[in-house]
Amino acid sequence: MAVLNEVRTMSNHLGPLEVECDAPPYAIVRACRKLGMSEPEDVRWCRKGRSRRSQSWIQFFSPLWGHLIGREERDETSCVCGWPLPLLENYSFTFLSGEQVEYQMGQCPRCRTIYWDKV
Ligand SMILES: [Zn+2]
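Residues are numbered in the numbering used here as their position in the sequence shown, beginning at 1, plus a constant of 934.
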């Protein structure tokens, strides 16, 4: 049982790596259109902080793994299309329930990838 628990913890840590890019809840994505983002429902979303965190976790424990996922090892300061990363701005969203969340977001002017992270 102890072993099983360990495996489960491991896969929790590795989970985000399988999803190279992910988007916030759809309500947020839709709201981004009002913020001036271009076609938020159709563009690629990359969560910044998460991928960086899991990458450093991997590299900390096994440099070889970092090697195996080499495609993740791109310059953190440039977009997937090669342009400089867009500046992330803070946006605050209020749900109908009254719950408030803050996101940092920025869209690449070239390939329209939206970079984001939860504040
Ligand atoms: Zn781009």
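Backbone N, C-alpha and C fix where the C-beta goes; we use that ideal spot for every residue, glycine too.
Annotated three-state conformation of C966 is helix, per DSSP. The residue among Y1049, R967, K968 and I962 with its C-alpha nearest the C-alpha of L1022 is Y1049. Ranked by Cα distance from C1042, the first of Y1025, V963, L1030 and L1019 is L1019. Under DSSP, the beta-bridge partners assigned to R981 are W1050. Using a cutoff of 7 Å, the CB of W1017 counts as near ligand 1, since one of the ligand's heavy atoms is closer than that. Shortest Cα-Cα distance from T1028 to any of I962, M971 and D956 involves I962. Counting other Cβ atoms within 10 Å of its Cβ, P959 stays below 16 and is therefore classed as exposed.
V1053 and M1039 have their C-alpha atoms some 10 Å from each other. Contact check for W979 against A957 passes: the beta carbons are separated by less than 8 Å.
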